[in-house]
Structures are given as C-alpha cells and as structure tokens.
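Note sheet for the following structure.
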Amino acid sequence: MIIAIDGPAASGKGTIARRLAAHYRLPHLDTGLLYRAVGAAALEKAVDFEDVAAMAGLAEGLDLAALDPESLRAGPVGEAASRAAAIPQVRAKLLTLQQNFAHQPGGAVLDGRDIGTVIAPDAAVKIFVTATPEARAARRFRELAARGEKVTPESVLEDIRKRDQRDSSRTSAPLVVAADAEIIDNTALDVAASVAAALAIVERRR
Numbered sequence: 001m002i003i004a005i006d007g008p009a010a011s012g013k014g015t016i017a018r019r020l021a022a023h024y025r026l027p028h029l030d031t032g033l034l035y036r037a038v039g040a041a042a043l044e045k046a047v048d049f050e051d052v053a054a055m056a057g058l059a060e061g062l063d064l065a066a067l068d069p070e071s072l073r074a075g076p077v078g079e080a081a082s083r084a085a086a087i088p089q090v091r092a093k094l095l096t097l098q099q100n101f102a103h104q105p106g107g108a109v110l111d112g113r114d115i116g117t118v119i120a121p122d123a124a125v126k127i128f129v130t131a132t133p134e135a136r137a138a139r140r141f142r143e144l145a146a147r148g149e150k151v152t153p154e155s156v157l158e159d160i161r162k163r164d165q166r167d168s169s170r171t172s173a174p175l176v177v178a179a180d181a182e183i184i185d186n187t188a189l190d191v192a193a194s195v196a197a198a199l200a201i202v203e204r205r206r
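In structure tokens, the structure reads:
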C-alpha cells in the first residue's frame, strides 16, 4: 500500500505521514529532506543556484542514509530547498530514488509536493494536507523560535507565501491537488484531529 501525502510548507503533512507510517508499520520518506539536502549542500559549497549542472550534480551525489533531518529543518535551508526543487534537472535526478522507495515490497508512506501526481500516481491513498498561509506561518514561527532562530512572524509569513508561489508556479511538477486526492484542511484542527482524519481516509481507501 502506497500512501501519498502532499501539501504546502508547514501544513503538517510530515507529522501526519510519520503517524500513518508508524500506525501501519510502513517505511516513511520525507521527500522534502532530499531537496533540503541539495539546498543545504549548495549553501555550504557556495554553489550558484543558477548553475543547473552543478545543482544537478549535488542531487546525483545525494546519500539517503546520510541525511540529518534535524539540521536540514533549519530556517535558511527551507528557502534553499524550495529554490532547488524548482530546478527540473534536480527533480529528475531525485525521481528514481523516490519512485524506488515508494514501490518497495509492502508499500510505503511518502510526503512532499508531487507524490500523488508524479512520484506515485498509482498510490492507493492520496491525501492533500493544507491550511491557510497565516496558520502555517504561525506553526513554523513557533517551531523556529523554539530552536532559538531569530525570526519574526512577519518574515515567516512572507517566506511561506514566497514558497507557495514558487512551488505552485514551477514548470516541473508544480504543487497541485491530484484529481483523486482527498483534502484535509487543518487550519482549525490540532495534530490528533488531523491524524484521525487521515486515518479515516486510509481506511476508506483500503
């Protein structure tokens, strides 16, 4: 069983994906970490994001086992990840890796921006998780502030809106709702209610 969970930044899709993976004892891949790893590598090595060949090279050399989720969730990496994800050549390099993970024996849970539309359009379960930009920005601000990062609510909201625009307007695998996906708007939901809604969708689809 492949469970595809898509949605914009800070929508809570990762939390839902992890809970579903634990519930159904399936492997989980946060595909956003792949783009964050490419973006972080570009920042570390001072690679020009306009240098498509160099960016694609970073994606090709990515080691899935070496990803450090905690460090890759730092604030500046999010913007870099969004820029890296907008490069078609980077997406092409990471496509096979994600598809192989999704189609492993027994299935998997993946969350990202294009799981149900590009990575696993044959997924048995497709969920699109969303919330208003303001709600998502508030969540991200609390998360970043708790880590001690120097951010303001206004700057986080601006970043969320910029990422939404970039993710939705890119030419390669834009963020869209799959035709057969079920939508969870969790603007007014807490984590428990969001997970419960997702579990109900999976059970209906099984």
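For what it's worth, full-length UniProt numbering labels the leading residue of the sequence shown as 1, then goes sequentially. Just so it is clear, CB atoms sit at the ideal spot from N, CA and C, and this is done for glycine as well.
Pairing Asp167 with Ile5 gives a Cβ-Cβ distance that is not under 7 Å.
Counting the other CB atoms within 10 Å of its CB gives Ile183 a total below 16, which places it among the exposed residues. Within the same chain, Cβ atoms closer than 7 Å to the Cβ of Gly7 are found at Lys13, Phe128, Val129 and Thr130, the five residues on either side in sequence being excluded. Within its own chain, the residues whose Cβ lies closer than 6 Å to the Cβ of Pro174, once the five positions on either side in sequence are excluded, are Ser168, listed in chain order.
In this chain, the beta strand (DSSP E) harbouring Phe128 covers Val125 to Thr130. Beta-bridge partners assigned by DSSP to Leu29: Leu110.
Distance from Arg163 to Ser82 at the Cβ level is roughly 5 Å; contact confirmed, criterion being Cβ atoms closer than 8 Å. When DSSP states are grouped into helix, strand and coil, Ala4 belongs to the strand group. Taking C-alpha positions only, Ala193 is separated from Ala46 by approximately 42 Å. Contiguous beta strand (DSSP E) elements confined to the region 15-70 occur at 28-30, taking only those with 3 or more residues. Residue pairing by DSSP places Ile184 opposite Val129 in a beta bridge. When the beta-carbon positions are compared, Arg205 and Ala92 stay at least 7 Å from each other.
Straight-line measurement puts the Cα of Asp48 at about 25 Å from the Cα of Thr96. Nearest in C-alpha terms to Leu58, of all of Leu67, Ala41, Pro69 and Glu203, is Ala41. According to the DSSP assignment, Thr152 belongs to no alpha helix (DSSP H), since it is labelled neither H nor E.
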